[in-house]
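Below: one structure, written as structure tokens.
2 protein chains.
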Amino acid sequence: MSVMTVQLAGRLARRGDVALGDRCAVDRTFQVVGNRTAMLLLREAFYGATRFEQLVKRVGVTEAVASQRLKELVAAGVLAKQPYREPGQRTRFEYVLTPAGHELVPVLLGLLQWGVRHLPDPTGQVAVTHDGCGAEVRAALRCADGHDVEEDEVVIRGDVAR
Amino acid sequence: MSVMTVQLAGRLARRGDVALGDRCAVDRTFQVVGNRTAMLLLREAFYGATRFEQLVKRVGVTEAVASQRLKELVAAGVLAKQPYREPGQRTRFEYVLTPAGHELVPVLLGLLQWGVRHLPDPTGQVAVTHDGCGAEVRAALRCADGHDVEEDEVVIRGDVAR
DNA sequence: CGGCTGGCTTGAGATGTCCATAGCCAGGAC
DNA sequence: GTCCTGGCTATGGACATCTCAAGCCAGCCG
């Protein structure tokens with residue numbers, strides 16, 4: 208077990224040409240939310256849709272695909288499948304964001320906002336703003352101590368078995 | 208042109224079952240960085256790789272795919288293809304993040320950190336920390352006025368032609 | 001000149017993700 | 001019981017993306 212520190216940006220410690228530190232965390236996350244349907248399901252869950260039919264209609268995907276992706280999202284711990292019963296109805300299931308799912312919201316809104324800024328839709332304009340002050344919202348980096356973190360202050364450290 | 212406000216979360220204004228406000232910004236962004244190779248190329252560009260051969264080797268993808276994705280990323284304004292010349296060499300090109308590309312870094316690191324937290328790699332451990340204080344780094348939302356923005360303080364407002 | 005290297009391009013085949021359509025099942029409503 | 005609805009599952013085909021393998025071109029090196 209060797210320990211390697213990757214200091215960003217530009218001052219990158221590497222051994223050979225292999226990406227150290229990360230290796231495959233981005234890959235693994237992408238296995239879960241790296242497809243259109245999963246990301247749109249996540250968006251709709253964030254917007255407040257919970258029921259299967261609702262999700263299918265809003266995402267605009269077939270039931271087969273929605274079913275498959277929802278299963279994967281539940282397995283990955285992004286969504287939870289919870290029973291609920293409306294009066295006079297049988298027990299059904301709804302899909303709600305787990306705490307881990309909520310942690311993906313900055314990523315989701317980062318993608319949304321980036322598209323709004325850099326790939327504008329010619330047929331309509333969208334703004335993502337802060338409810339209190341009306342200013343534009345963007346994804347940023349913050350550390351657990353509450354500091355704003357700039358790109359060059361990020362350290363990715365990996366204890367990678369070799 | 209009608210204007211609709213989508214207030215999150217749970218207190219969502221909708222008309223019918225169509226997602227308002229966003230419509231397709233997430234989709235459009237996903238056209239650019241919604242595939243494994245593009246995201247990994249972005250990661251390596253962030254880590255400091257610039258040359259074609261370097262990117263190919265580190266991402267672990269074939270030259271054909273790398274060439275294709277790099278072209279798309281350049282077309283989308285995420286990377287810039289710049290000429291450079293090492294002494295005694297002919298002019299070559301390097302790929303560097305544009306300002307728009309740098310704006311995707313919080314998204315990229317958000318995905319990375321989410322994978323580190325929720326999909327741990329059994330063969331090694333990785334940490335993403337703040338250089339100054341050593342605390343864990345995560346993606347968060349911040350508005351242009353500098354406020355921290357919570358999930359339920361986000362307003363997505365769309366002027367959507369119908 | 002011919003060889004080598006970096007930076008691609010092209011083609012064939014595997015795999016993944018999508019859509020459309022159809023069908024299954026449980027449990028109220030009748 | 002039969003119908004209907006919500007929530008899936010199954011099949012087939014289209015298209016995107018990946019891999020492997022081969023080849024092309026520019027320019028420096030000998």
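Chain order of the listed sequences is A and B.
Going by the numbering used here, the first residue of the first sequence is number 208, and it counts up by one from there.
Going by the numbering used here, the first residue of the second sequence is number 208, and it counts up by one from there.
Cβ coordinates follow ideal geometry from the N, Cα and C atoms, glycine included.
Computed from a predicted structure; not experimentally measured.
Nonlocal neighbours in the same chain, by C-beta distance under 6 Å from Ala271 of chain A, ignoring five residues either side: none
Proximal residues to Ala307 of chain A (C-beta, below 7 Å), its chain only, five neighbours per side dropped: Gly284, Val285
Tyr302 of chain A, buried or exposed, once every other Cβ within 10 Å from all chains shown has been counted against 16: buried
Whole-angstrom distance between Val356 of chain B and Gly228 of chain A, CA atom to CA atom: Only weak support exists for where Gly228 of chain A lies, its pLDDT of 42 falling under 50; the value from the coordinates is given anyway. Straight-line Cα distance between these residues: approximately 30 Å.
Distance between Leu280 of chain A and Ala273 of chain A (C-alpha atoms, nearest Å): Each residue's CA atom was taken as its position, placing Ala273 of chain A and Leu280 of chain A some 10 Å apart.
Beta bridge counterpart(s) of Thr336 of chain B as assigned by DSSP: A:Val362, B:Glu343
Chain A residues whose Cβ lies nearer than 7 Å to that of Ala346 of chain B: Pro313, Val314, Gly317, Ala346, Leu348
N- and C-terminal bounds of the alpha helix (DSSP H) containing Leu280 of chain B: 270 to 282
Rounded C-alpha distance that separates Val233 of chain B from Leu319 of chain A: 5 Å
The alpha helix (DSSP H) enclosing Arg265 of chain B, as first and last residue numbers: 259 to 266
Closest residue to Phe385 of chain B among A:Cys231, A:Glu310, A:Ala245 (Cα-Cα distance): The displayed coordinates of chain B run from 208 to 369. Any statement about residue 385 of chain B would go beyond what the structure contains.
Span separating the alpha-carbon of His354 of chain B from that of Glu310 of chain A: Cα to Cα, the separation comes out at about 18 Å.
Buried or exposed by the 16-neighbour rule on C-beta atoms within 10 Å, applied to Thr298 of chain A: exposed
Per DSSP, cross-strand counterpart(s) of Cys350 of chain A: B:Val344
Within-9 Å CB hit, Ala273 of chain B to chain A: no
Residue span of the alpha helix (DSSP H) that contains Ala245 of chain A, given as start and end: 243 to 254
As assigned by DSSP and simplified to three states, the class of Pro327 of chain B: coil
Span of the alpha helix (DSSP H) around Val240 of chain A: Element bounds for Val240 of chain A: 232 to 240.
7 Å Cβ cut-off: residues of chain B touching Ala351 of chain A: Ala342, Glu343
Terminal residues of the alpha helix (DSSP H) in which Glu301 of chain A lies: Looking at the DSSP string, Glu301 of chain A is not in any alpha helix (DSSP H); the run it does join, the beta strand (DSSP E), is 299 to 304.
Phe237 of chain B at chain A interface by Cβ criterion, 9 Å: Chain A, which has a Cβ nearer than 9 Å to the Cβ of Phe237 of chain B, makes this yes.
Test: Phe300 of chain B CB closer than 9 Å to a CB of chain A: no
Residues sharing a beta bridge with Leu286 of chain B, DSSP: B:Leu304
Proximity test, Cβ basis, 9 Å: Val281 of chain B and chain A: Not one chain A Cβ lies under 9 Å of Val281 of chain B.
Where Gly339 of chain B falls, given that 16 or more other Cβ within 10 Å makes a residue buried: exposed
Proximal chain A residues relative to Ala287 of chain B, where beta-carbon distance stays under 8 Å: Simply none; closest approach about 14 Å.
Local Cβ density within 10 Å of Gly322 of chain A, reported as buried at 16 or more and exposed below that: buried
Reference Leu304 of chain B; option with closest CA among B:Ala252, B:Leu277, B:Ala346, B:Leu247: Out of B:Ala252, B:Leu277, B:Ala346, B:Leu247, B:Ala252 has the C-alpha closest to the C-alpha of Leu304 of chain B.
Interface partners of Val303 of chain B on chain A, CB under 7 Å: Near Val303 of chain B there are no residues of chain A at all, since even the closest Cβ is about 11 Å away, more than 7 Å.
Any C-beta of chain B under 9 Å from that of Gln320 of chain A: Cβ-Cβ to chain B under 9 Å: yes for Gln320 of chain A.
Min CB distance Leu277 of chain A to chain B below 9 Å: no
Inter-residue CB distance, Val361 of chain B and Leu316 of chain A (contact presumed, cutoff 8 Å): Right, their Cβ atoms sit about 7 Å apart.
Contact with chain B by Val240 of chain A, beta-carbon distance below 9 Å: Against chain B, the CB of Val240 of chain A has a partner CB under 9 Å away; the residue lies at that interface.
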